[in-house]
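Single-structure report; data block below.
Residue numbers (my numbering): 17 to 263.
Here it is in structure tokens:
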């Protein structure tokens with residue numbers, strides 16, 4: 017799956033997002049606060065917007081350690097998204113909202129992308145039924161079955177209902193995870209099959225993968241997910257001064 021994953025999403029992810037004025041204004045203030053008004057501000061500001069050539073050991077731009085980030089890989093490119101705020105969760109513990117400088121938005125709840133904005137394909141809203149907690153999946157053998165309903169744009173494709181199957185898998189041989197040993201994490205694969213006519217008419221998605229840090233509280237720190245067959249992303253929770261050794 018990772019080879020296919022690496023070939024997808026090369027140009028689809030990083031574009032202009034027409035967000036509401038106030039959120040854009042507040043986000044601009046956040047970016048300014050990240051880098052300040054020093055003579056180096058312009059170049060530091062550019063590190064968030066510039067898409068770096070992807071390698072397993074891509075050089076990290078200078079980031080303010082006071083903020084939380086996502087390292088997002090789309091095909092052969094890497095960018096760092098900054099956490100804007102936490103929103104009320106619908107099914108998990110917390111929903112975090114992440115922004116690129118150009119305005120793309122990812123909303124992630126308990127490790128799953130539940131809404132996006134500004135991408136070539138957006139998941140406008142995601143609902144789950146019978147979704148197991150990560151605590152449960154770490155303490156049972158599985159597999160686990162549940163339902164997901166997505167609303168997509170463009171095209172006003174609503175009510176795409178799928179049956180999902182989550183299974184434990186060994187650490188994969190290929191991934192975009194960096195600075196964390198894959199063997200330290202519990203890996204899961206999530207496969208989909210259509211349940212609604214809208215899902216049957218929508219292109220089938222490749223499997224998603226999730227890597228969970230087991231203790232002290234289960235936490236997804238890395239995931240690979242395709243929003244459509246041509247738009248596949250990997251995201252990783254990122255600490256600017258992370259010095260852990262890559263496996």
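Think of the CB as a built atom: it goes at the ideal place given N, C-alpha and C, for glycine as much as any other residue.
**Prompt:** Whose C-beta lies closer than 6 Å to the C-beta of residue 205 among residues of the same chain, with five residues either side of it excluded?
**Reply:** Contacts found: 183, 185, 223 and 225.
**Prompt:** Where do the N-terminal and C-terminal ends of the beta strand (DSSP E) with residue 178 fall, by residue?
**Reply:** Counting along the chain, residue 178 sits inside the beta strand (DSSP E) bounded by residues 173 to 185.
**Item:** Stretch pair the segment 190 to 199 + the segment 174 to 181: three plus CB contacts closer than 8 Å
**Value:** With a cut-off of 8 Å, the segment 174 to 181 and the segment 190 to 199 do not count as touching, because too few Cβ pairs lie within range.
**Message:** Classify residue 236: buried if its beta carbon has 16 or more other beta carbons within 10 angstroms, exposed otherwise.
**Reply:** A buried status is given to residue 236, since no fewer than 16 other beta-carbon atoms sit within 10 Å of its beta-carbon.
**Request:** Give every residue of the same chain whose Cβ lies closer than 7 Å to the Cβ of residue 128, excluding the five residues on either side of it in the sequence, and list them in chain order.
**Result:** Apart from sequence neighbours up to five positions away, no residue of its chain approaches residue 128 with a beta-carbon distance below 7 Å.
**Message:** Closest to residue 82 by C-alpha separation, out of 107, 211, 100 and 208, would be which residue?
**Reply:** The candidate whose alpha carbon is nearest that of residue 82 is 100.
**Asked** Nearest to residue 234 by CA position, among 165, 85, 203 and 146, is which residue?
**Response** Out of 165, 85, 203 and 146, 203 has the C-alpha closest to the C-alpha of residue 234.
**Request:** Please check if any C-beta of chain B sits within less than 8 Å of the C-beta of residue 203.
**Result:** In the structure shown, chain B does not exist; there is a single protein chain.
**Request:** Mind checking which residues open and close the alpha helix (DSSP H) that includes residue 198?
**Result:** Unbroken run through residue 198: none, as it is neither H nor E.
**Asked** Starting from residue 112 and walking both ways along the alpha helix (DSSP H), at which residues does that stretch end?
**Response** Counting along the chain, no alpha helix (DSSP H) covers residue 112; the unbroken beta strand (DSSP E) around it starts and ends at 111 to 115.
**Asked** Alpha carbon to alpha carbon, how far is residue 66 from residue 124?
**Response** Per-residue confidence for residue 66 stands at a pLDDT of 37, beneath the threshold of 50, marking its modelled position as unreliable; the derived number appears in the next sentence. A straight-line Cα-Cα distance of about 23 Å links residue 66 and residue 124.
**Request:** Report the three-state DSSP secondary structure of residue 62 (helix, strand or coil).
**Result:** Low local confidence applies: a pLDDT of 31 at residue 62 is under 50, so the model's placement there is unreliable, and no value is given.
**Supposed contact pair residue 141 and residue 163 - C-beta distance, whole angstroms, cut 8 Å** = The pair is not a contact, with the Cβ atoms about 14 Å apart (cut-off 8 Å).
**Asked** For residue 152, is the classification buried or exposed, using 16 other Cβ atoms within 10 angstroms of its Cβ as the cut-off for buried?
**Response** By the 10 Å Cβ count, residue 152 comes out exposed.
**Prompt:** Buried or exposed: which applies to residue 227, given that a residue is buried once 16 or more other Cβ atoms fall within 10 Å of its Cβ?
**Reply:** Buried, since its Cβ has 16 or more Cβ neighbours within 10 Å.
**Request:** Output yes or no for whether 8 Å exceeds the beta carbon distance between residue 98 and residue 87.
**Result:** Residue 98 places its beta carbon 8 Å or farther from that of residue 87.
**Item:** Cβ-Cβ distance between residue 241 and residue 249 below 8 Å
**Value:** With respect to the 8 Å criterion, residue 241 and residue 249 are classified as neighbours on the basis of their beta carbons.
**Prompt:** Which one of 201, 111, 122 and 214 has the shortest CA to CA distance from residue 231?
**Reply:** The candidate whose alpha carbon is nearest that of residue 231 is 201.
**Item:** Cβ-Cβ separation, residue 180 to residue 207 (assumed contact under 8 Å), whole Å
**Value:** At roughly 7 Å, the Cβ-Cβ gap stays under 8 Å, so residue 207 and residue 180 are in contact.
**Request:** Kindly identify the DSSP beta-bridge partner or partners of residue 161.
**Result:** In the DSSP assignment, residue 161 forms a beta bridge with 181.
**Asked** Over what stretch of residues does the beta strand (DSSP E) that includes residue 249 continue unbroken?
**Response** Residues 247 to 254.
**Message:** Taking only three categories from DSSP, how would you classify residue 214?
**Reply:** In the three-state DSSP reduction, residue 214 falls in the helix class (H, G or I).
**Message:** So the candidates are 112, 214 and 170; which of them puts its Cα closest to the Cα of residue 84?
**Reply:** Scanning 112, 214 and 170 for the CA closest to the CA of residue 84 turns up 112.
**Message:** Since residue 219 and residue 245 should fall inside the 8 Å C-beta cutoff, what is the C-beta to C-beta distance between them, to a whole number of angstroms?
**Reply:** Between residue 245 and residue 219 the Cβ distance is about 5 Å, and since that is below 8 Å, they are a contact.
**Request:** Can you give me the Cβ contacts of residue 148 inside the same chain, cut-off strictly under 6 Å, excluding the 5 residues immediately before and after it?
**Result:** Closer than 6 Å at Cβ, skipping near neighbours: 160.
**Asked** Of all the options 167, 137 and 92, which has the alpha carbon lying nearest to the alpha carbon of residue 215?
**Response** Looking from the CA of residue 215, the closest CA among 167, 137 and 92 belongs to 167.
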